[in-house]
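Residue numbers (our numbering), protein chains in the order written: chain L, -9 to 104; chain H, 1186 to 1299.
Inspection log for the structure reproduced underneath, given as structure tokens.
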Amino acid sequence: GDSVTQMEGPVTLSEEAFLTINCTYTATGYPSLFWYVQYPGEGLQLLLKATKADDKGSNKGFEATYRKETTSFHLEKGSVQVSDSAVYFCALSDPGAGSYQLTFGKGTKLSVIP
Amino acid sequence: NAGVMQNPRHLVRRRGQEARLRCSPMKGHSHVYWYRQLPEEGLKFMVYLQKENIIDESGMPKERFSAEFPKEGPSILRIQQVVRGDSAAYFCASSPSTEDYEQYFGPGTRLTVT
């Protein structure tokens, strides 16, 4: 079945540092890929998405590129802020295979210190 | 435009009691998904419903759990005879259609079984 593996945290960075959170996936079809963010005590918010190979999703300074050859969708940000502290989830759905559910990684907790 | 609404936000039940979790999707959304998040884990898919129909319940435990999405009113996730292992955050998400399958999440219901 489909699965998502993302780098385990927690990750602690200083403000303005470069961020990378690795995510790789296994899917039978041609999935769509997502990054969600969860702030403490809240639900998940969609951060960015990519629906086909070589697409780049971007939002709020975050970027991720859909790499079919390496089955990866790594999240990057050039300069993190304290307000970016949250848990980040990589996820996929595979509607082409008739599966609309999201399959999530375990999440990576990011703490940004001033 | 109100987002996905879930209530209650926090629910405490004793072992053996019933828990009812409610989800009102975003306006215009007819697809509802339920996910469960155990402590320190990612979200796991439970069930996918459209109005009056269960489309995919492959993630639902076989016993004690049921879900519905009636023609009128919110979607309900029902857990009978709760046990301590049911303690988790339960998230609902909605989407407008299968063509536009981006999912929007509610704030979650945190169930504690004592």
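For glycine and all other residues, C-beta sits at the position ideal for the given N, C-alpha and C.
Predicted model, so just to flag it, every value in this text is computed and none were measured.
Three-state secondary structure assigned by DSSP to residue i
i, result
"Ala43 of chain L", "coil"
"Asp74 of chain L", "helix"
"Ala1273 of chain H", "strand"
"Ala17 of chain L", "coil"
"Ala1278 of chain H", "strand"
"Ala1252 of chain H", "strand"
"Lys1229 of chain H", "strand"
"Ser1171 of chain H", "The first residue shown for chain H is 1186 and the last is 1299, placing residue 1171 of chain H beyond what the model contains."
"Leu34 of chain L", "strand"
"Thr1299 of chain H", "coil"
"Gln1202 of chain H", "coil"
"Thr1294 of chain H", "strand"
"Leu1196 of chain H", "strand"
"Leu23 of chain L", "strand"
"Leu1262 of chain H", "strand"
Listed by chain order, chain H residues near residue i by CB distance under 8 Å
i, result
"Gly19 of chain L", "Per Cβ cutoff of 8 Å: no residues; Gly19 of chain L is ~14 Å from chain H at best."
8 Å Cβ cutoff met for residue i and residue j
i, j, result
"Arg1194 of chain H", "Pro1259 of chain H", "no"
"Gln1235 of chain H", "Arg1249 of chain H", "no"
"Tyr1233 of chain H", "Tyr1220 of chain H", "no"
"Ser69 of chain L", "Glu(-2) of chain L", "no"
"Gly1244 of chain H", "Phe1254 of chain H", "no"
"Thr98 of chain L", "Thr61 of chain L", "no"
"Lys1212 of chain H", "Ala1252 of chain H", "no"
"Gln35 of chain L", "Lys96 of chain L", "no"
"Gln91 of chain L", "Ser83 of chain L", "yes"
"Gly(-9) of chain L", "Gly86 of chain L", "no"
"Phe8 of chain L", "Gly1227 of chain H", "no"
"Leu1296 of chain H", "Arg1198 of chain H", "yes"
"Ala76 of chain L", "Val(-6) of chain L", "no"
"Val1298 of chain H", "Arg1200 of chain H", "yes"
"Pro1210 of chain H", "Ser1279 of chain H", "yes"
Residue(s) in a DSSP beta bridge with residue i
i, result
"Val1267 of chain H", "DSSP output for Val1267 of chain H lists no bridge partner at all."
"Ser1209 of chain H", "H:Met1190"
"Leu100 of chain L", "L:Val1 and L:Ala76"
"Glu66 of chain L", "L:Thr10 and L:Glu53"
"Asp84 of chain L", "L:Ser89"
"Gln1288 of chain H", "None; Gln1288 of chain H has no bridge partner."
"Thr(-5) of chain L", "L:Thr14"
"Tyr29 of chain L", "Answer by DSSP bridge pairing: none, since Tyr29 of chain L is not bridged."
"Ile1239 of chain H", "H:Leu1234"
Contact list for residue i against chain H, beta-carbon separation under 7 Å
i, result
"Gly95 of chain L", "Gly1227"
Partner residues on chain L for residue i, Cβ-Cβ distance less than 9 Å
i, result
"Pro1292 of chain H", "Gly31, Glu32 and Gly33"
Any non-hydrogen atom of the ligand COA within 7 Å of residue i CB
i, result
"Pro0 of chain L", "Of the ligands one can find in the structure shown there are none, so the ligand COA has no counterpart to examine."
Listed by chain order, chain L residues near residue i by CB distance under 8 Å
i, result
"Tyr1275 of chain H", "By Cβ distance, chain L contributes nothing, its closest Cβ being about 11 Å from Tyr1275 of chain H, past 8 Å."
"Phe1230 of chain H", "Gln91, Leu92 and Thr93"
Per-residue contacts from residue i into chain L (C-beta, under 7 Å)
i, result
"Gln1288 of chain H", "Leu92"
"Asp1241 of chain H", "Gln91"
Contact set between residue i and chain H, taken where Cβ atoms lie within less than 9 Å
i, result
"Leu36 of chain L", "Glu1287, Gln1288, Tyr1289 and Phe1290"
"Lys39 of chain L", "Glu1287"
"Phe79 of chain L", "Gly1227 and Leu1228"
The segment 16 to 33 of chain L / the segment 44 to 64 of chain L touching (three or more Cβ pairs under 8 Å): yes
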